[in-house]
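Be aware that the sequence shown starts at 1234, since it is given in this note's numbering, and climbs by one per residue.
For every residue, glycine included, the Cβ atom is placed at its ideal position computed from N, Cα and C.
One structure below.
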Amino acid sequence: MTDTSDTKPLPQIAELDFSDLKVAFGKGMSDFRKAPIYGIVFGTIFAALGVVLYLQFVVWQSDISIIPLAAGFPLIGPFVAVGMYEVSRLLERGESVSWMTVAQAIYAERKRQIPSIAFVVLFIFLIWVYMAHLVFALSFGLKPLTNVMTSADILLTKEGITMLLMGTVVGGFLSFVLFSVTVIGIPLLVDREIDVVTAMITSFSLVLNNLVVMLSWGAIVGVLLLIAMTPIFMGLIVVLPVLGHATWHLYKLAILPEE
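Structure below.
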């Protein structure tokens, strides 16, 4: 008979409202103003990777090499998030922030659960890559493969509209799953000694129990990222760290303190 007396209960989630989103975003802005250099460096990493992806796919039209490059986003994303969370945590405690403490926090995660959730993110990303190719094949059949980024007129055809509709449904579902398991899951893994499955379940439960509020947060994040990517990804240098700090504070509002 299995002894379950030492089994830890799931972290307790709070009921959120729209004022919590405002508070979290305000604190995220405040953290960025207090320690901007860290966010700028982390944001620049993503902006630079975005520019390389743009050059590979649109300018150089290198469809094959873009896949391993794009895989870098989900792999390094959680570790970059750790850096933002650590800055917010230190500021929250009134402690001094330094590159040494931030780097140590990121490096320490290699032996914890962040690598596991990074591969979960990568797995969902690879599913999206596969589904994107499948949607294209189902929409265009045996027609020659076309780079829709350089032949935008194809999107106005019957096949193109079908592809957009199918892609929106599939992409929306995968985005919802990814958002739901990571929005609070990653900061929870950073803050507490907890396994990746429990963190993802807790995060998903939070989203389901605060569906309207959390979907609104996801929409805000999506719109801000879209705007940030418009000027050749340069907006990510500011938007990403602000969202990273804000996510930490949203996590602190969403998960009740340990007893």
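| Item | Value |
| --- | --- |
| Candidates S1372, G1259, K1267 and F1409: which alpha carbon is nearest K1391's? | S1372 |
| Please name the residue in V1368, I1417 and G1477 whose C-alpha comes closest to that of P1244. | I1417 |
| For V1315, count the other beta carbons within 10 Å of its own beta carbon; 16 or more makes it buried, fewer makes it exposed. Which is it? | buried |
| Quick one: any contact between the region 1448 to 1464 and the region 1391 to 1406, if contact means 3 or more CB pairs under 8 Å? | no |
| Let me know the secondary structure DSSP gives T1235 once reduced to three states. | Summary for T1235: the model assigns pLDDT 40, below 50, so the residue's position carries little reliability; its value from the coordinates is reported in the next sentence. DSSP places T1235 in coil when its eight states are reduced to three. |
| Taking all protein chains shown into account, decide if G1327 is buried (16 or more other Cβ within 10 angstroms of its Cβ) or exposed. | exposed |
| Count the CB pairs spanning the region 1470 to 1477 and the region 1271 to 1283 that are closer than 8 Å, and state whether there are at least three. | yes |
| Return the first residue and the last residue of the alpha helix (DSSP H) that V1456 is part of. | L1444 to M1462 |
| Span of the alpha helix (DSSP H) holding S1331? | Unbroken run through S1331: none, as it is neither H nor E. |
| In whole angstroms, what is the alpha-carbon distance linking M1262 and A1479? | 7 Å |
| Report the option in I1488, M1433, L1282 and A1341 whose CA atom is closest to the CA atom of I1350. | M1433 |
| Excluding sequence positions up to five away, which residues of its chain have a Cβ less than 7 Å from the Cβ of D1250? | V1446 |
| In chain order, which continuous runs of the alpha helix (DSSP H) of length 4 or greater are located wholly inside the region 1356 to 1443? | 1391 to 1415, 1418 to 1424 and 1429 to 1442 |
| Quick check on DSSP: helix, strand or coil for I1465? | coil |
| From the DSSP output, read off the bridge partner residues of I1246. | I1488 |
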